[in-house]
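If you use mature numbering (1 follows the signal peptide of the UniProt record, and there is no 0), the sequence shown corresponds to residues -20 to -1, 1 to 324, in order. Using N, Cα and C, we set each Cβ at its ideal position, and we do this for glycine too. Below is one structure; the comments refer to it alone.
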Amino acid sequence: MLNRLAIGLAATLTLGPALAVAQERPAPFDAPEEVSIAVVRYISTGDFFQAYLAGVEAQAEALGVELRVLDSRQDAALQADMVDQAIALGVDGIIIQHGLSESMQEAAQRAIDAGIDVVAFDVEIDNPAIPQIEQSNYLLGELALEQAAADNGDDFTAGYVYVPGIAPLDQRNAAWEDFKAAHPGVTEAAVFGTLDNPIANAVANQARAVIQANPAIDVFFAPYNEFAAGVKIAVDEMGLGEDISIYSADISTSDIAAMREPGSPWAATVATNPTVVGEVSVRTLALLMAGETIESPVIVPPTLITQDFLDDNAIDSMATLSEKMPQFAHAEVALADWLPLPAR
């Protein structure tokens, strides 16, 4: 036994990084070219979702599996049909990305009944067989609101952008409700929101009317970056950048540019790296397919990102944000010795 241990240790020291290549993979990933997975998307508009898909693609490529992308463009009935399409295509695993709980629950169960492993990102399917991947959406909202209070005190008038029925937005809404209860000096002047495409422009149209009707608003809580981008359009057009501050969730390279514009009202956001979340989604599915037990939910921890931090560190892209904020670049989540990571 000791001799075998010594030989194994010597091999580890000799092989170094090559050991990962030699690591025996469990079925079905011992023949990855025969494995097919699908990502069935509800929302794809916006930089966040493009970056998420890039992470899914990168991790699938690192695994060597076939990836099919099915995009319903915010059509709940079509998304359910696309789950059935994935089943008919004979995929081995499915990632459900966002969606409405009521339309996804039965469709996801049909996939389970067909012997297909399923994970879900930011859609509450309420099925013990389906691990949930989350950004800790409550914490996203909580950290953004704590920063709003730090910047503006405990007494401000808020506009709130919210569309119910979307799991991550509902979870961020819980943080807003708790924040209001803990800060009775905060007034909610208006609640509005839409997911109509293009989302930012549609929200901007609403925000103009809200600001005109509620001139006392000095803070917007817009816990999705497309919402925040829309509010910023309205605030900029109305020349109110010095009077209104925006607090959001999620981030992209274009958001960084918007936050760093001179006089930008976009004060802070709380985010995970959407590319990393995409990678974690594929790794979680791979571990499930390999027969490993997954503790659900699988949480990708978020990070507070302020306008001052971006300015002080001359951050101009997601790449430089990852360099200056290493915890944003990678999540130590859903890992295994046999599971290769995308090239960095």
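Is it right to say residue i is buried, meaning 16 or more other beta carbons lie within 10 angstroms of its own, or is it exposed?
i: residue 106; result: exposed
i: residue 324; result: exposed
i: residue 315; result: exposed
i: residue 252; result: buried
i: residue -20; result: Residue placement at residue -20 is flagged as unreliable, the pLDDT there being 33, under the threshold of 50; the coordinate-derived value follows with that caveat. With fewer than 16 Cβ atoms within 10 Å of its Cβ, residue -20 is classed as exposed.
i: residue 306; result: exposed
i: residue -9; result: Confidence at residue -9 is low in this model, with a pLDDT of 34, below 50, so the placement of that residue should be treated as unreliable; the coordinate-derived value is given next. When all chains shown are included, residue -9 counts as exposed.
i: residue 53; result: exposed
i: residue 51; result: buried
i: residue 95; result: exposed
i: residue 312; result: exposed
i: residue 272; result: exposed
i: residue 39; result: buried
i: residue 293; result: exposed
i: residue -5; result: The predicted position of residue -5 is uncertain, since its pLDDT is 35 and thus under 50; a value taken from the coordinates is nonetheless stated next. Label assigned to residue -5: exposed.
i: residue 173; result: buried
So the beta strand (DSSP E) residue i belongs to, where does it begin and stop?
i: residue 228; result: 225 to 229
i: residue 142; result: Looking at the DSSP string, residue 142 is not in any beta strand (DSSP E), and its letter there is neither H nor E.
i: residue 9; result: Note, residue 9: premise wrong, no beta strand (DSSP E); not H, not E.
i: residue 40; result: Unbroken run through residue 40 is the alpha helix (DSSP H), 27 to 43; no beta strand (DSSP E).
i: residue 77; result: 73 to 77
i: residue 48; result: 46 to 51
i: residue 199; result: 199 to 202
Looking at the secondary structure, which residues open and close the alpha helix (DSSP H) in which residue i lies?
i: residue 97; result: First-last for residue 97: 97 to 101, but that is the beta strand (DSSP E), not the alpha helix (DSSP H).
i: residue 18; result: Segment 16 to 21 is the beta strand (DSSP E) holding residue 18; no alpha helix (DSSP H) there.
i: residue 92; result: 81 to 93
i: residue 62; result: 56 to 69
List the whole-angstrom C-beta distance separating residue i from residue j, where the pair is believed to meet the contact cut-off of C-beta under 8 Å.
i: residue 184; j: residue 210; result: 4 Å
i: residue 27; j: residue 233; result: 7 Å
Using 8 Å as the threshold, is the stretch 171 to 180 in touch with the stretch 119 to 132, meaning 3 or more CB pairs across them? Output reads no: the stretch 119 to 132 does not touch the stretch 171 to 180.
If we require 4 or more residues per run, which alpha helix (DSSP H) segments fall completely within the stretch 108 to 190? Correct list: 117 to 132 and 147 to 162.
With a floor of 3 residues, list each beta strand (DSSP E) that falls wholly inside the stretch 216 to 299, ordered by position along the chain. Counting only runs of 3 or more, we get 225 to 229, 246 to 251 and 283 to 286.
For the stretch 114 to 121 against the stretch 74 to 83, are there 3 or more C-beta pairs whose distance is under 8 Å? Verdict: no, contact absent.
For the structure I just gave you, are there three or more beta carbon pairs, one from the stretch 191 to 203 and one from the stretch 133 to 144, closer than 8 Å? Yes, since at least three Cβ pairs between the stretch 191 to 203 and the stretch 133 to 144 fall closer than 8 Å, the two stretches touch.
Pairing CB atoms from the stretch 68 to 82 with CB atoms from the stretch 18 to 29, are three or more of them under 8 Å? Segments in contact, yes.
Within 8 Å, do at least three Cβ pairs link the stretch 141 to 159 to the stretch 282 to 298? The answer is no - the stretch 141 to 159 does not touch the stretch 282 to 298, with fewer than three Cβ pairs under 8 Å.
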